[in-house]
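Chain order of the listed sequences is A and B.
According to our numbering, the first sequence is numbered sequentially starting from 20.
According to our numbering, the second sequence is numbered sequentially starting from 29.
Glycine included, each C-beta is placed from N, C-alpha and C at the ideal position.
Predicted model, so just to flag it, every value in this text is computed and none were measured.
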Amino acid sequence: MKSAVIVFPGSNCDRDAQTALRDVTGGEVVMQWHGDADMPDVDAIVVPGGFSYGDYLRCGAIAGNSPVMREVVKRAEMGVPVLGICNGFQVLTEVGLLPGVLMRNADLKFVCRDVFLRVETTTSPFTTQYTPGQVIKVPVAHHDGNYVTDADTLKLLQDQDRVAFRYVDATGARTPGANPNGAMDDIAGVLNEKRNVLGMMPHPERLIDQVLGGTDGRAMFESVLAAVA
Amino acid sequence: MKAKIHITLKNGVLDPQGKAVQTALAGLGFTGVNDVRQGKFIELELTEADRAKAEAQVDDMCKKLLANTVIENYAIEIVEG
Chain A
20 MKSAVIVFPG SNCDRDAQTA LRDVTGGEVV MQWHGDADMP DVDAIVVPGG FSYGDYLRCG
80 AIAGNSPVMR EVVKRAEMGV PVLGICNGFQ VLTEVGLLPG VLMRNADLKF VCRDVFLRVE
140 TTTSPFTTQY TPGQVIKVPV AHHDGNYVTD ADTLKLLQDQ DRVAFRYVDA TGARTPGANP
200 NGAMDDIAGV LNEKRNVLGM MPHPERLIDQ VLGGTDGRAM FESVLAAVA
Chain B
29 MKAKIHITLK NGVLDPQGKA VQTALAGLGF TGVNDVRQGK FIELELTEAD RAKAEAQVDD
89 MCKKLLANTV IENYAIEIVE G
């Protein structure tokens with residue numbers, strides 16, 4: 020399996036994403052510079068976390084208009100799995116691949132800690148290697164992760180089983196303290212209608228090795244590998 | 029020609045920053061503030077000399093980049109000179 024990680028000025032989780040992909044898939048990982056729309060054929064694309072363009076204007080707004088993102092949109096429409104993590108999630112909403120928007124955290128603070136997520140669907144190329152309802156521990160690190168969408172879209176996401184992850188406590192229960200940013204319906208990750216694009220605020224690429232505190236992120240990359248094999 | 033653009037959050041979209049500003053104002057004794065909404069103000073210097081064309085261009089810019097129309101409204105004012 021060959022994959023690509025998009026690199027913007029200000030990306031800072033691109034190397035982690037590269038390591039996660041390389042470790043889990045064993046295949047080549049192309050580091051694709053944002054100004055270069057000439058991307059090789061790849062089986063999966065990761066839009067990584069960070070602060071692309073210093074979050075100028077709005078998080079992800081300038082990155083969303085970079086030459087490579089026009090190509091990423093085309094590939095996504097062709098069915099290539101695209102995973103947007105943190106700032107990558109923000110970029111994917113800005114380009115319209117995913118609905119909604121990530122607003123400033125409800126308490127206005129940058130939040131950097133481990134959170135628990137409940138796997139809400141295993142019907143996607145990113146989640147088959149989890150079990151339905153599984154509770155996993157993954158870190159978040161963001162200032163703008165407060166997922167907001169209109170009521171009609173929220174209903175659509177729920178009805179079409181497109182909420183991939185929700186913030187929960189360690190027991191898997193949805194409690195007010197479990198949601199780190201005020202996101203609507205405790206949403207931590209959403210899928211597009213074709214289910215080949217996932218955006219999420221937490222960082223699965225940071226938990227692929229026991230030495231870093233856990234391996235709950237590995238199954239996501241194993242899922243992608245299984246999906247494209 | 030200049031364009032002045034006000035970008036504001038749509039009604040119903042929560043504005044935690046505005047709320048924090050309101051609380052800070054109340055802390056300073058300004059208790060008569062019912063609500064605060066925080067937005068952006070952007071000024072553009074344009075080469076276009078035709079007012080209608082300039083307005084159309086700026087409208088397109090707002091839709092494609094300057095505003096996120098999922099949560100934001102924008103108002104454009106074209107100023108001669």
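(Q) Which residue wins for smallest C-alpha separation from alanine 189 of chain A, given the options A:Lys213, A:Ala183, A:Val182 and A:Ile155? (A) If we check each option's Cα against that of alanine 189 of chain A, A:Ile155 comes out closest.
Q. Going straight from the alpha carbon of valine 26 of chain A to that of valine 61 of chain B, what length do you get?
A. Rounded to whole angstroms, valine 26 of chain A to valine 61 of chain B spans 44 Å at the Cα level.
Q) What does aspartate 228 of chain A pair with, by DSSP beta-bridge criteria? A) Beta-bridge pairing links aspartate 228 of chain A to A:Gly233.
Q: Quick one: using the 10 Å Cβ neighbour count with 16 as the cut-off for buried, is asparagine 106 of chain A buried or exposed?
A: Classified as buried, asparagine 106 of chain A has 16 or more neighbouring CB atoms from the shown chains inside 10 Å of its CB.
Q | Neighbourhood of glutamate 47 of chain B by C-beta, 8 Å cutoff - its chain only, sequence neighbours within 5 removed | A | Note on identity: in this sequence residue 47 of chain B is lysine, with glutamate being the wrong assignment. Excluding five sequence positions before and after lysine 47 of chain B, the CB atoms of its chain that fall closer than 8 Å to its own CB belong to Val64, given in chain order.
Q.
Could you check whether glutamate 83 of chain B and isoleucine 7 of chain B sit closer than 8 Å to each other, using their CB atoms as the reference points?
A. Any answer about residue 7 of chain B is impossible in this case: the structure gives chain B only from 29 up to 109.
Q: Below 6 Å CB to CB, which residues in the same chain sit around glutamate 47 of chain A once its five sequence neighbours on both sides are set aside?
A: Cβ neighbours of glutamate 47 of chain A beyond the five flanking positions: Lys21.
Q. Using 8 Å as the limit for Cβ to Cβ distance, is alanine 54 of chain B near chain A?
A. No, alanine 54 of chain B does not count as interfacial toward chain A.
(Q) Quick check: glutamate 241 of chain A and arginine 185 of chain A, are their CB atoms within less than 8 Å of each other? (A) No. Outside cutoff.
Q) Thinking C-beta only, is methionine 239 of chain A closer than 8 Å to phenylalanine 135 of chain A? A) Judged by beta-carbon spacing, methionine 239 of chain A lies beyond the 8 Å limit of phenylalanine 135 of chain A, meaning their Cβ atoms are not closer than that value.
Q | Nearest candidate by alpha-carbon position, reference serine 143 of chain A, set A:Val101, A:Leu173, A:Met58 and A:Pro86 | A | Ranking the options by Cα distance to serine 143 of chain A, first place goes to A:Val101.
Q: Could you tell me how far apart the beta carbons of isoleucine 64 of chain A and valine 110 of chain A are, in whole angstroms, since I believe they sit closer than 8 Å?
A: That belief does not hold up - the Cβ atoms of isoleucine 64 of chain A and valine 110 of chain A are roughly 11 Å apart, past 8 Å.
Q.
For a contact defined as C-beta to C-beta under 8 Å, what are the partners of asparagine 101 of chain B on chain A?
A. Those do not exist, as asparagine 101 of chain B stays about 14 Å from chain A at its closest Cβ, beyond 8 Å.
Q.
Let me see if you follow: with CB-CB separation under 8 Å, is alanine 77 of chain B close to chain A or not?
A. No, alanine 77 of chain B does not count as interfacial toward chain A.
Q | Between the CA atoms of aspartate 126 of chain A and leucine 42 of chain B - distance to the nearest angstrom | A | Between leucine 42 of chain B and aspartate 126 of chain A, the C-alpha separation is close to 12 Å.
Q: Using the Cα positions of glycine 29 of chain A and alanine 207 of chain A, report the straight-line distance between them to the nearest angstrom.
A: Using only the alpha carbons, I get a separation of about 23 Å.
Q: Could you work out which residue in A:Phe108, A:Lys213 and A:Arg94 is closest to histidine 161 of chain A when comparing CA atoms only?
A: Answer by Cα proximity: A:Phe108.
**Q.** Own chain partners of valine 120 of chain A with C-beta closer than 6 Å, once the 5 adjacent residues on each side are dropped
**A.** Contacts found: Thr112 and Val167.
Q.
With DSSP as the reference, identify every bridge partner of serine 30 of chain A, one or two as the case may be.
A. Answer by DSSP bridge pairing, in chain order: A:Gly69.
**Q.** Neighbour list for asparagine 84 of chain A in chain B, Cβ cutoff strictly below 7 Å
**A.** In chain order, Leu93 make up the part of chain B whose C-beta sits under 7 Å from the C-beta of asparagine 84 of chain A.
Q: Return the Cβ separation of methionine 58 of chain A and glutamate 96 of chain A in integer angstroms, given the expectation that the two are a contact with Cβ distance under 8 Å.
A: In fact, because the Cβ distance is near 14 Å, the residues do not count as touching under 8 Å.
Q. Listing by chain order, which chain A residues have their CB less than 8 Å from the CB of valine 41 of chain B?
A. Within 8 Å Cβ-Cβ: Met122 and Val167.
Q) For chain A, is any of its Cβ atoms less than 8 Å away from the one on asparagine 62 of chain B? A) So, not an interface residue.
Q. Hey, how far is the Cα of arginine 132 of chain A from the Cα of methionine 29 of chain B?
A. Whole-angstrom Cα-Cα distance: 49 Å.
Q) Helix, strand or coil for alanine 95 of chain A per DSSP? A) Taken through DSSP and simplified to helix, strand or coil, alanine 95 of chain A comes out as helix.
Q | Three-state secondary structure assigned by DSSP to asparagine 200 of chain A | A | Coil.
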